[in-house]
Ligand SMILES: [Fe+2]
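Numbering (full-length UniProt numbering), first residue to last: 1 to 321.
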């Protein structure tokens, strides 16, 4: 599809990559510097809604840069310019509600690397779009790198065709241990009470089951959550038949509080997981946040993460169906 929209000018950003003929991210700027105010942007988005969504699917990531977006209210207006319904976040990240559809992205310590993932990959319904807004760019580090998921599948198939097909056939099983709020110290460790929004065990179990998870309570008051079988890759409508690496094997395999094996219990070879981590890193796209940036990610096509950062850093998020 040719680029054709008089309301935006295509820009460039450091770190962008050409992937299978498409620039990731597609940088969209004001058509001229004086047309950078929020209201002009909102009318441009309203007017070009369908086109804009096509660009997100085509390029997987669209970065609005150079517009005068200053706070959560303005960001919320941008999100609401589209007709995408909100999807409630379920998962381990500690988030705070800021305004209407806007949340903090993750309040885990800035010193930690939040590993690459498709948002809510383990939940039945995934957001199609993850939209991020940079209110305060970090002085150093703190990038939100993202990775074209199909590239990971392609390279894993090149290097480990048998293992990939074996896992695909058997499916994956994940476990994740959450401590109780009463004895948690780690950042991932929001206790299970926070993760499931209740301190009642039976209710937590009902909610977990509804999400397709089994629970095993531990003597220390924590709980191990078991999920599976889950797929290794997925193909989604409208994404060129690409096989997305829609799993969280590298993030959860062999960790203190989590595991990933094949669904029948077969271990996934350590070297395969290690190499997969290297491939994800090699395929990743990095850009530096600038104040006022708004980044639209096609969550079905991209993994994303967060690099460790010096404070302050404020990135807000909205997730959409
Ligand atoms: Fe995320």
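No residue lacks a Cβ here, since even glycine has one placed at the ideal position from N, Cα and C.
- DSSP, reduced to helix, strand and coil, places residue 149 within a helical segment of the structure shown.
- From the listed residues 281, 302 and 109, the smallest Cα separation to residue 309 is found for 109.
- DSSP links residue 213 through a beta bridge to 227.
- In the three-state reduction of the DSSP assignment, residue 24 falls in the strand class.
- Taking each of 73, 311, 150 and 159 in turn and checking the Cα distance to residue 20, the smallest one comes out for 150.
- Between the alpha carbons of residue 24 and residue 232 lies a distance of about 24 Å.
- In this structure, the beta-carbon distance from residue 279 to residue 152 falls below 8 Å.
- In this structure, DSSP gives residue 123 a state outside helix and strand, which the three-state scheme calls coil.
- Under DSSP, the beta-bridge partners assigned to residue 174 are 227 and 260.
- Just so you know, the alpha carbons of residue 63 and residue 273 end up roughly 31 Å apart.
- In this chain, residue 274 is not harboured by any beta strand (DSSP E); it is covered by the alpha helix (DSSP H) spanning 270-283.
- With respect to the 8 Å criterion, residue 229 and residue 171 are classified as neighbours on the basis of their beta carbons.
- Excluding its 5 nearest sequence neighbours in each direction, residue 44 has C-beta neighbours in its own chain below 7 Å: 7 and 8, listed in chain order.
- With distances taken between CA atoms, residue 75 lies nearest to 296 out of 313, 304, 218 and 296.
- Annotated three-state conformation of residue 140 is coil, per DSSP.
- DSSP places residue 234 within a strand segment (E or B) once states are collapsed to three.
- DSSP places residue 93 outside any beta strand (DSSP E), giving it a letter other than H or E.
- Around ligand 1, the residues whose beta-carbon falls short of 6 Å from at least one of its heavy atoms are 117, 119 and 304, given in chain order.
- Of all C-beta pairs linking the region 69-89 to the region 311-321, three or more are shorter than 8 Å, placing the two stretches in contact.
- Annotation for residue 7: no alpha helix (DSSP H) segment contains it, and DSSP assigns it neither H nor E.
- Residue state for residue 250 is assigned as helix, using DSSP reduced to three classes.
- In this structure, residue 56 sits away from residue 237, with a CB-CB distance that is not shorter than 8 Å.
- When DSSP reads this structure, residue 319 sits in a beta bridge with 130.
- Distance from the CA of residue 103 to the CA of residue 293, rounded to the nearest whole angstrom, comes to 16 Å.
- DSSP, reduced to helix, strand and coil, places residue 87 outside both helices and strands of the structure shown, so it counts as coil.
- Take residue 148, set aside five residues on each side of it, and the residues of its chain with a beta-carbon closer than 7 Å to its own are 19, 24, 60, 283, 301 and 302, in chain order.
- Non-local C-beta neighbours of residue 200 in its own chain, meaning closer than 6 Å and more than five positions away in sequence, are absent.
- Exclusion of the five residues before and after residue 290 leaves 65, 134 and 137 as the residues of its chain whose Cβ lies within less than 8 Å of its Cβ.
- Taking every protein chain shown into account, the CB of residue 190 has 16 or more other CB atoms within 10 angstroms, so this residue is buried.
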